[in-house]
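Each residue of the sequence shown is one higher than the one before, counting from 1 in full-length UniProt numbering.
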Amino acid sequence: MSRDLRNPLARARGLGSAKEGVSHWMLQRVTALGLVFLTVWFVVTVLGLMHSDYATARATLAKPWNAVLLAALLITMFRHAVLGLQVVIEDYVHTRWLEVVSLVLIKFIAVLAALAGVLAVLRVALGS
Numbered sequence: 001m002s003r004d005l006r007n008p009l010a011r012a013r014g015l016g017s018a019k020e021g022v023s024h025w026m027l028q029r030v031t032a033l034g035l036v037f038l039t040v041w042f043v044v045t046v047l048g049l050m051h052s053d054y055a056t057a058r059a060t061l062a063k064p065w066n067a068v069l070l071a072a073l074l075i076t077m078f079r080h081a082v083l084g085l086q087v088v089i090e091d092y093v094h095t096r097w098l099e100v101v102s103l104v105l106i107k108f109i110a111v112l113a114a115l116a117g118v119l120a121v122l123r124v125a126l127g128s
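(1) Restricting to Cα atoms, I'd like to know which of 84, 8, 41 and 47 is closest to residue 70.
(2) Please name the residue in 54, 109, 118 and 83 whose C-alpha comes closest to that of residue 22.
(3) Kindly say whether residue 8, judged by its beta-carbon, lies nearer than 8 angstroms to any beta-carbon of chain D.
(4) Over what stretch of residues does the alpha helix (DSSP H) that includes residue 107 continue unbroken?
(5) Measuring straight from C-alpha to C-alpha, what distance separates residue 122 and residue 100?
(6) In terms of alpha-carbon separation, which member of 111, 76 and 55 lies closest to residue 35?
(7) Helix, strand or coil for residue 85? Go by DSSP, reduced to three states.
(8) Could you pull out every unbroken alpha helix (DSSP H) segment of at least 4 residues lying fully inside the region 31-95, listed in chain order?
(9) With hydrogens ignored, establish whether the beta-carbon of residue 96 is closer than 7 angstroms to any heavy atom of the ligand PLP.
Structure below.
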């Protein structure tokens with residue numbers, strides 16, 4: 001006889017089959033919401049620079065808030081992409097070793113690309 005007096009629904013509440021699906025789902029939604037605001041800022045900024053010369057565009061991106069928001073856009077975009085690709089790979093790649101290799105490769109490429117983007121923003125912002 002079981003000593004746990006809770007009913008099965010109470011034991012299972014909040015736990016998916018992997019016991020972590022809610023956090024993954026929530027992080028996808030949070031990054032998507034962040035991307036909405038950051039993308040609107042980016043489009044407005046780029047449209048404002050449409051008829052500007054190189055020096056004006058560089059000076060605009062070198063402003064601290066613009067540099068921070070652009071770095072946040074890059075990091076959020078790559079994190080959101082990794083989360084989405086992870087779901088696709090987990091759902092459609094059925095060979096375990098290929099799934100693991102794909103997940104590691106995608107995360108590695110995303111981190112490398114995000115670091116390269118943030119480094120580029122820092123170089124523009126710091127004037128080097």
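The C-beta atom is built at its ideal place from N, Cα and C for all residues, glycine as well.
Judging by the given coordinates:
(1) Residue numbering aside, residue 70 sits at position 70 when the sequence shown is read from its first letter. Nearest option by C-alpha distance: 41.
(2) Counting from one through the sequence shown, the residue named residue 22 turns up at place 22. Taking only the C-alpha atoms, the option nearest residue 22 is 83.
(3) No chain D appears in this structure, which consists of one protein chain only.
(4) On the sequence shown, residue 107 is found 107 positions in, with the first residue counted as 1. Unbroken alpha helix (DSSP H) run through residue 107: 96-126.
(5) The residue given as residue 122 occupies position 122 in the sequence shown. The residue given as residue 100 occupies position 100 in the sequence shown. Between residue 122 and residue 100, the C-alpha separation is close to 33 angstroms.
(6) As a working note, residue 35 is residue 35 in the sequence shown. Closest by alpha carbon: 76.
(7) Here residue 85 refers to the residue found at position 85 when the sequence shown is read from its first residue. Note: residue 85 maps to helix in three-state DSSP.
(8) Correct list: 54-62 and 64-92.
(9) The ligand PLP is not among the ligands present in this structure, which contains no ligands whatsoever.
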